[in-house]
Structures are given as structure tokens and as C-alpha cells.
Amino acid sequence: MQRRGDWTRPASDARPEGAPPEGHPMKSHVFDFARLTPKERYKLLIGTVIPRPIALITTLSEDGTPNAGSFSFFNILTHDPAIMAIGIENRPDGTPKDTAANILATQEFTVHISDHALVDQMEICSIKFPSDVDELSVAGLETVPGETVRSPRIVAAPAAFECHLVQTVPVTPARVIVLGEVRRMFVRETLVDPETLQVDQIGIDAVGRLGGHLYARQRDQFERVTPSVEQFMATSGAVES
Numbered sequence: 001m002q003r004r005g006d007w008t009r010p011a012s013d014a015r016p017e018g019a020p021p022e023g024h025p026m027k028s029h030v031f032d033f034a035r036l037t038p039k040e041r042y043k044l045l046i047g048t049v050i051p052r053p054i055a056l057i058t059t060l061s062e063d064g065t066p067n068a069g070s071f072s073f074f075n076i077l078t079h080d081p082a083i084m085a086i087g088i089e090n091r092p093d094g095t096p097k098d099t100a101a102n103i104l105a106t107q108e109f110t111v112h113i114s115d116h117a118l119v120d121q122m123e124i125c126s127i128k129f130p131s132d133v134d135e136l137s138v139a140g141l142e143t144v145p146g147e148t149v150r151s152p153r154i155v156a157a158p159a160a161f162e163c164h165l166v167q168t169v170p171v172t173p174a175r176v177i178v179l180g181e182v183r184r185m186f187v188r189e190t191l192v193d194p195e196t197l198q199v200d201q202i203g204i205d206a207v208g209r210l211g212g213h214l215y216a217r218q219r220d221q222f223e224r225v226t227p228s229v230e231q232f233m234a235t236s237g238a239v240e241s
């Protein structure tokens with residue numbers, strides 16, 4: 001395992017894995033997004049920005065109906081404060097999806113990380129059921145009440161984040177970015193050291209979204225440590241300012 005003190009400069013003739021053979025230039029196809037249809041942009045983006053983490057989100061409607069949906073336009077943006085962002089698109093008929101409508105109405109939601117064991121249930125929660133259908137019940141997912149929010153927490157999820165709405169950013173009339181602040185986090189006790197806060201990133205087995213209908217599991221890792229300026233400058237061939 002590489003540590004900061006063990007950093008060494010890569011060999012000058014080292015070539016990235018997957019690079020074309022020596023003497024073959026790296027050429028690119030160029031895509032002008034102003035000339036592409038939304039569908040074409042979408043296909044290129046989801047095929048290259050990979051793997052994307054998946055947020056399995058639970059909410060409650062104003063009348064108390066539970067809802068669950070999964071979203072791969074999702075990530076953390078900052079840690080202080082702890083802000084999560086989710087991009088949500090309206091239904092084809094232009095009405096907001098239940099997740100977005102419920103978040104706007106209640107100002108709260110719970111994000112779950114889905115592991116491989118939850119893939120079937122996660123897929124069920126992606127089905128476009130009518131608003132009065134409880135996806136959690138249909139998927140057979142056991143839940144417990146939230147502690148700082150009213151939205152339920154999925155017991156089987158390896159990690160969950162109770163969030164309060166901070167801001168919504170309308171991108172177009174049909175798309176909105178939701179920013180939520182994490183108020184409380186839950187991690188399965190076998191997956192985290194409560195003293196060091198180190199998470200077992202293999203054990204969490206998080207599922208990510210690829211292009212098309214493809215998904216990926218978090219099973220392949222490697223470690224790289226960024227050197228200090230002093231370490232970098234001390235190696236042969238370092239560039240001085």
C-alpha cells in the first residue's frame with residue numbers, strides 16, 4: 001500500500017494503461033453540444049461520466065404517503081456543511097416526480113446507498129408508479145421512522161443520510177437540482193470503525209450506474225497518494241518554478 005512518505009516519481013517512459021501504442025496519436029471525436037439533441041447529449045454523458053453513485057431516496061407526501069425513487073444524477077458537493085445534490089427531471093407529461101414534489105412540500109428526505117443485495121428492490125423503486133403507490137411496500141423494503149426527518153429509513157441499506165432541504169436550483173422548467181444538508185448519517189455497524197471513521201469500501205458493495213442498462217459494483221480498487229511539494233521537487237527531473 002502506498003503511503004505519502006513512500007511516493008516515487010513514475011518512470012519517464014511509463015504509459016497509462018489502455019493508451020494507444022507508441023507512435024499512434026491520441027485522436028478524439030469532437031461533439032458540439034449545441035448541435036446535439038437532448039437524447040444524444042444524454043447518451044454521451046451517461047456513457048462517460050461513470051460510474052455514477054445512486055441515491056435511493058425516501059420521502060413522505062403531505063398526506064403521509066411514503067415514496068421511494070432512485071437517481072444517478074447524484075453526489076456530495078461539500079463536507080462543511082455536508083451538502084448532497086440530486087438532479088431530478090419531471091415526468092414526460094411535465095409534472096414533477098413524487099420525490100421532487102415531496103421534498104419541496106416537506107423540506108426533507110433520506111438518501112440511501114444501495115448495495116448489490118438491494119439491486120432488485122432499487123429497480124422496483126425506479127418504476128413510474130402512480131403517486132398513491134408506496135414503492136417501499138411494493139419492493140418489500142422494511143423501514144424505520146426517521147430520527148431528524150419524517151421520511152422513513154430503509155433498514156437493509158448499508159448507509160443512509162437524513163437531509164433537510166437547503167435550496168432548489170431550477171435548471172429548466174423540466175429539471176431541478178436539489179441541495180440537501182445531511183443532519184444525521186447511519187452506517188451498518190460492520191462497515192465502519194466508530195473510532196477511526198474508516199469505512200469498509202469493499203464491504204459496502206455500493207452499486208454505480210453506467211450507460212444504458214449497465215451497473216457496476218465497487219470491487220476493484222487501487223491507491224494513489226498525492227506527494228507533497230517537497231517530495232515532488234526532490235525527485236529527479238522535477239520542474240522548478
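Everything in the sequence shown is counted per the UniProt record's numbering, starting at 1 for the first residue and increasing by one. Built from N, CA and C at the ideal position, the CB exists for glycine as well.
Quiz prompt | N- and C-terminal bounds of the beta strand (DSSP E) containing Met84 | solution = Ala82 to Glu89
Exercise. Please look up how many angstroms separate the CB atoms of Leu60 and Pro66, rounded, as I've assumed it's under 8 Å.
Key: 6 Å
Quiz prompt | Phe109 and Ile57 closer than 8 Å at C-beta | solution = yes
Quiz prompt | Distance CB(Pro81)-CB(Glu181) smaller than 8 Å | solution = yes
Quiz item: Straight-line CA distance for Ile86 to Leu179?
Solution: 7 Å
Quiz item: Per DSSP, Val144 is paired with what?
Solution: Arg153
Quiz prompt | Distance CB(Leu191)-CB(Gly203) smaller than 8 Å | solution = yes
Exercise. Kindly indicate which three-state DSSP category Ala174 falls into: helix, strand or coil?
Key: coil
Self-check item: Assigned secondary structure, His116 (DSSP; H/G/I helix, E/B strand, else coil)
Solution: helix
Self-check item: According to DSSP, residues forming a beta bridge with Phe186
Solution: Ala160
Quiz prompt | 4 or more residues per run - each alpha helix (DSSP H) lying fully within the stretch 14-54 | solution = 38-48
Self-check item: Residue burial classification, Thr172 (beta-carbon count within 10 angstroms, cutoff 16)
Solution: exposed
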